[in-house]
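So the structure is just underneath, and the comments pick up after that.
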Amino acid sequence: MPDRHACQASCLWCGQLLRSLPAGRPIRTRDWGGDDTVYTYVPCSHCRSLVLINPPPAELMGQHYRDDYGPYQQPLAISLAPLRLPDREALAARATPRQPLQILDYGPGSGAWLACARLTFPAIAMAAVDFDPAVSGQRLAWLQQPVALLAPEEFLATAHRWDVINFSHSLEHVANPVTVLERAIEQLNPGGLLLIDAPSVDSLSLRIWGPCWQGLEAPRHLSIPAANQVVRLLCHQRLQLRRRFTYGSAALFQRTLEQASQPPCPWPRRILIRAGRAVCGDGLLNRCCGRLGLATSFRLIASKPVSGP
Ligand SMILES: [Zn+2]
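So for the sequence shown, this note's numbering puts the first residue at 737; every next one is plus one.
Below, the structure is given as structure tokens:
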């Protein structure tokens, strides 16, 4: 039965009205944090992105980010490594102690990516965008280097220019991803890099496990973008797509199976869960799915042409 809300909402990624006959069946899922509210994601008939059509009011969203939220956990030093980026040497050659590379992480979480960026380049100035800059500043203190913190609206208004901008699983959390992305591209220096990681609508786990797929992470994820639509937007803004691939997460797969095994769990699903646990842990499946573009997340790396507009 079509959802009443579907007629009123638009796709966050292409603006298409989510009509009463969407591209596929809406996905109804419970709150990731365990409360009983049911959230509904509707697939866009134009770009295939999934859009959450009944998000909590913006002023209450903070309640859905707990202190133990995964991305906030401080990484072990041994898990940090230099980033593998195209044009890394050319970018590194620009950096001097007096003119460090300008690095922005939109949604810095624990600060792990910023720490990796610092291992990658000889001199960087770090900035980050967060819904709550004060709390984010406390989480990033372990970096022991100043991080300029911006609220989302400050980011949209700033005239600052950046050499690398990272969106690691953050665009799915914002209500205006296209505006944010377009502003980021404007703020990118020629020769600069834009990195995007996001959950994938093409995930095999999503197809099999539907509402149990933990990539939905309702209601924090306001959309699950279709990678092809994000690529179209980047190309429309005259960025050059340099790398594109998909990858999986063993922890997310395990959480998905846990959710799927909650009662009532009919016997065909129990067999599927047992098979899933036996086959994977999910390294092998993820590698295969990654090759086929069916894994949990996608990563895009694009550059701004030096002689471009
Ligand atoms: Zn769309």
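A virtual CB, placed ideally from N, CA and C, is assigned to each residue, including glycine.
Shown here, ASN964 sits in a helix according to DSSP, grouped into three states. DSSP places ALA1038 in the uninterrupted beta strand (DSSP E) bounded by 1033 to 1039. Proximity of the beta carbon of GLN744 to ligand 1 is not indicated: no heavy atom of the ligand is located closer than 6 Å.
Between THR992 and PHE1034, the C-beta gap is not smaller than 7 Å, which leaves the two residues out of contact. Annotated as proximal: PRO807 and GLY845, with beta-carbon spacing under 7 Å.
A buried status is given to ILE789, since no fewer than 16 other beta-carbon atoms sit within 10 Å of its beta-carbon. Between ligand 1 and the CB of HIS782, the shortest heavy atom gap is smaller than 6 Å.
In terms of side-chain proximity, the C-beta atom of SER785 is found nearer than 6 Å to a non-hydrogen atom of ligand 1.
Taking the Cβ of CYS747 as the reference point, at least one heavy atom of ligand 1 falls within a distance shorter than 6 Å. For PHE989, there is no enclosing beta strand (DSSP E); the residue is part of the alpha helix (DSSP H) that begins and ends at 986 to 996. Excluding its 5 nearest sequence neighbours in each direction, ARG1005 has C-beta neighbours in its own chain below 7 Å: ALA996, listed in chain order. GLN995 has its Cβ no nearer than 6 Å to any heavy atom of ligand 1. ARG802 sits exposed, since fewer than 16 C-beta atoms from the chains shown fall within 10 Å of its C-beta.
Under DSSP, PRO779 shares a beta bridge with LEU786.
For GLY873, no beta strand (DSSP E) encloses it; the enclosing alpha helix (DSSP H) starts and ends at 869 to 875.
With a threshold of 6 Å, the Cβ atom of CYS750 counts as near ligand 1, since some heavy atom of the ligand is closer than that. With the rule of 3 Cβ pairs closer than 8 Å, the region 940 to 954 does not count as touching the region 916 to 923. If you draw a straight line from the Cα of CYS1001 to the Cα of ARG980, it comes to about 36 Å. Contact annotation, ALA859 with VAL883: C-beta distance approximately 15 Å; criterion of less than 8 Å not satisfied. Between ARG974 and the set TRP898, ALA895, SER1043, ALA893, the nearest pair of CA atoms involves SER1043.
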